[in-house]
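full-length UniProt numbering applies: residue 1 is where the sequence shown begins, and numbers increase by one. For glycine and all other residues, C-beta sits at the position ideal for the given N, C-alpha and C. Just so you know, these numbers come straight off a predicted model, no measurement behind them. Below is one structure; the comments refer to it alone.
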Amino acid sequence: MATSTTAPAGSGTPEKSAARRKTDVSGLFEKWALVGALVVLVAVCMATIPQFRTASLFTTMLNAQSLVLLLALTATVVLRMGDFDLSISQTMVASAAVIGQLTTNGTSPAVAIPLALALGACVGLVNALLVVRIGVDSFVATLGSYTALAGLSYLITDSRIVAGASDGFINFSRSQIAGIPLITWYAWILVIVLWYVYQRTPLGRYSLFIGGNRNAATLAGIPVNRIRTGAYVVSGLLAAFLGVCFFGYFGAVDPSAGGQYMLQPFAAAFLGSTAITVGRFNAWGTIAALYLLTVGITALQILGAETWVTNLFYGLALMLSVAAAKIAGRRRAGGAK
């Protein structure tokens, strides 16, 4: 009588289980490597640089990078869709110029602020028209917007620094809660808001789908063009709001300031996409990346590095983070097959 032998349910699976465990460990390391690097860097700096043992230095670093963090988070809104918005830093400055020029000449903030926000919304709509409707490459289109806004900023300010922010504007950015300026609280609040939108809402999932495969998203019935247009408008509005923060924080606006804030947000956003939710632009990764870059640059400056080191550091960070983000995206896509 023939008998059939059935292999036990677990037979033949140890290798698969080991491979699965190895993959899980690798994924966990990849997810938290950036945060771990930040912790290690802070620990090394505290052990070797006396200034890092003072709370005042950390407070100064956090506060000084609040605008950059806000810009980096703003950048992720469009980057998640697979597009660029290089105009955000100059939109911020142009909006600050509108507010500064109007309010220092007697216009009520109740009029100046809506006009600045309207400028940001218009910039977003123009960018969306060029990129979404006409099909211009987003890098080229928004670089053009950046340049045009730089000229507009000089026109609005008559090519001079506009100073004299009122106490209301200054308090809007500099007033403190628990010893931390409001502008820093705005940045942390935006981190939480974007995390919730990206991770907990259909819009966050749609944006990820659009960024991954626009044609497939269209076939799935997602209103791709409408969402991309909305992302550009939101980006413009957020940048304009940052103009209000900018004018209040510094008490003045320099029309040439946009260039100082162009590179850093994108370095943080791309580096942040290699952490937490790997291969995706995300809020928590962005904040970890920015603070890692900030600690590194601050340490170099304390050790006596020249001023040009900051630009070199951010430039190299941007190149490496873009490459790392690309590799992480390919690995995630390969793992999904």
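Where does residue i fall in DSSP's three states?
| i | result |
| --- | --- |
| I161 | coil |
| V233 | helix |
| Q176 | strand |
| A305 | coil |
| A325 | helix |
| A275 | coil |
| A220 | coil |
| M319 | helix |
| A2 | Because the pLDDT of A2 is 48, which lies under 50, any placement of that residue in the model is unreliable, and the question is left without a value. |
Counting C-beta neighbours from all protein chains within 10 Å, is the total for residue i 16 or more, i.e. buried, or is it exposed?
| i | result |
| --- | --- |
| T76 | buried |
| M81 | buried |
| W195 | buried |
| F246 | buried |
| G279 | buried |
| A323 | exposed |
| A116 | buried |
| I113 | buried |
| T307 | exposed |
| P181 | buried |
| V78 | buried |
Taking residue i as part of the alpha helix (DSSP H), name the residues at either end of that continuous run.
| i | result |
| --- | --- |
| T184 | L182 to R200 |
| M61 | A55 to A64 |
| F52 | Run containing F52: none; DSSP gives neither H nor E here. |
Below 8 angstroms CB to CB, which residues in the same chain sit around residue i once its five sequence neighbours on both sides are set aside?
| i | result |
| --- | --- |
| residue 393 | The question about residue 393 has no answer here: the residues shown for the chain are numbered 1 through 337. |
| A288 | L34, V35, L38, G272, A275 and I276 |
| L293 | Q264, A267, A268, L271, F313, Y314 and A317 |
| L28 | none |
I'd like the list of long-range same chain contacts for residue i, defined as Cβ closer than 7 angstroms, with 5 residues on each side in sequence excluded.
| i | result |
| --- | --- |
| F266 | A75 and L318 |
| S11 | Unreliable placement is indicated for S11, whose pLDDT of 48 sits below 50; no coordinate value is reported for it. |
| V136 | L130 |
| W185 | I177 |
| I297 | T310 and F313 |
Spatial neighbours of residue i within its chain, please: C-beta separation below 6 angstroms, excluding the five flanking residues on both sides.
| i | result |
| --- | --- |
| V191 | A283 and I287 |
| D254 | I161 |
| T142 | F84, D85, L86, S87 and N127 |
| I302 | I49 and Q51 |
| S138 | D83, F84 and V131 |
| G164 | T104 |
| I183 | S66, S173, C245 and Y249 |
| A187 | S66, L69 and L70 |
At the 8 angstroms Cβ level, is residue i part of the contact set with chain D, yes or no?
| i | result |
| --- | --- |
| L70 | This model lacks chain D altogether; it includes just one protein chain. |
Ordered list of alpha helix (DSSP H) runs contained in the stretch 87 to 146, each at least 4 residues: 88 to 103 and 109 to 128
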